[in-house]
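173 is the number that my numbering gives the last residue of the sequence shown; the numbers go up by one with no jumps. Even glycine gets a Cβ: it sits at the ideal position worked out from N, Cα and C. Notes for the one structure printed next.
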Amino acid sequence: AFTFDYSERRVGLLSLAREIVSETARLRRVKRVRRLPRKCPVNQGVIWSMHELPDCLVDRLLAYCRANDAKMNDLFVVCAARACARFVPGETNHQRNDIGVGTIIDLRDPTNTTFGLSLGFMQTFLTTEEINDRSCAIKSTSAQSRKIRRHRPAAGSRLRLLVALWE
Numbered sequence: 007a008f009t010f011d012y013s014e015r016r017v018g019l020l021s022l023a024r025e026i027v028s029e030t031a032r033l034r035r036v037k038r039v040r041r042l043p044r045k046c047p048v049n050q051g052v053i054w055s056m057h058e059l060p061d062c063l064v065d066r067l068l069a070y071c072r073a074n075d076a077k078m079n080d081l082f083v084v085c086a087a088r089a090c091a092r093f094v095p096g097e098t099n100h101q102r103n104d105i106g107v108g109t110i111i112d113l114r115d116p117t118n119t120t121f122g123l124s125l126g127f128m129q130t131f132l133t134t135e136e137i138n139d140r141s142c143a144i145k146s147t148s149a150q151s152r153k154i155r156r157h158r159p160a161a162g163s164r165l166r167l168l169v170a171l172w173e
């Protein structure tokens with residue numbers, strides 16, 4: 007005999023509702039992110055340079071991240087956002103001052119040892135004030151990263167794919 011579990015359906019609907027609210031908040035935040043100009047006057051050639059880095063730099067960066075309850079990826083995101091704010095031209099729009107950085111993340115459960123791949127997309131948003139203050143930027147990025155990872159970005163990624171497919 008087939009039985010239907012109403013509590014399981016309710017959990018699924020609540021999860022979907024949470025994802026819709028989360029996605030709406032994300033889209034609202036995207037509307038405050040700088041846009042590239044339609045005609046980008048920047049020379050997009052490749053520039054290469056080599057720099058000698060101080061000994062124990064990685065150890066110092068790890069210590070900095072741990073002291074700020076952050077991961078190395080959070081630090082890389084902050085560096086990318088600060089570089090974009092400094093070097094990438096944006097449209098002049100006073101309502102769009104934030105910087106958004108997208109990263110691809112591994113969504114696999116660390117306890118699952120089977121071979122496979124499950125990737126998701128995480129976006130981090132920083133205001134001009136946060137970008138100008140390094141410690142504020144790392145704290146904001148770390149908080150966003152923890153929140154996204156805690157709320158299982160796989161569901162959000164699936165929701166975005168379903169909406170794109172529907173559209």
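Considering Cα atoms alone, identify which of the options is closest to residue i.
i    : options                   : result
Q101 : T109, S55, T133 and V107  : T133
R38  : V107, P60 and Y70         : V107
S124 : D80, D75 and P116         : P116
H147 : L81, T30 and D139         : The sequence shown places Thr at residue 147, rather than the His named in the question. Comparing Cα-Cα distances from T147 to each of L81, T30 and D139, the minimum goes to L81.
I137 : V27, T98 and R92          : R92
A76  : V169, C142 and L168       : C142
P43  : A89, A73, A23 and V94     : V94
E97  : R40, E58 and F121         : R40
E29  : W172, R166, L171 and E173 : R166
G126 : N103, R155 and N99        : R155
Helix, strand or coil for residue i? Go by DSSP, reduced to three states.
i    : result
F121 : coil
D65  : helix
M56  : coil
W94  : The sequence shown places Val at residue 94, rather than the Trp named in the question. Coil at V94, not helix or strand.
T133 : coil
S29  : As written in the sequence, residue 29 is Glu, which differs from the Ser given in the question. Helix, per DSSP.
N74  : coil
N79  : helix
R88  : helix
R34  : helix
F8   : Only weak support is given to the placement of F8: the predicted model assigns it a pLDDT of 44, under 50, and the value that follows is read from those uncertain coordinates. Reduced to three states, the DSSP call for F8 is coil.
R166 : helix
What residue range does the beta strand (DSSP E) around residue i cover?
i    : result
V52  : Counting along the chain, V52 falls outside any beta strand (DSSP E), and DSSP gives it neither H nor E.
D115 : Counting along the chain, D115 falls outside any beta strand (DSSP E), and DSSP gives it neither H nor E.
Since residue i contacts residue j with CB under 8 Å, what's their CB separation in whole angstroms?
i    : j    : result
V84  : I144 : 5 Å
R32  : Q129 : 7 Å
D104 : F131 : 5 Å
Tell me the residue span of the alpha helix (DSSP H) that contains residue i.
i    : result
Q175 : Only positions 7 to 173 of the chain appear in the structure, and residue 175 is not among them; the question remains open.
Any idea which residues DSSP pairs residue i with across the strands?
i    : result
M128 : T109
V39  : D104
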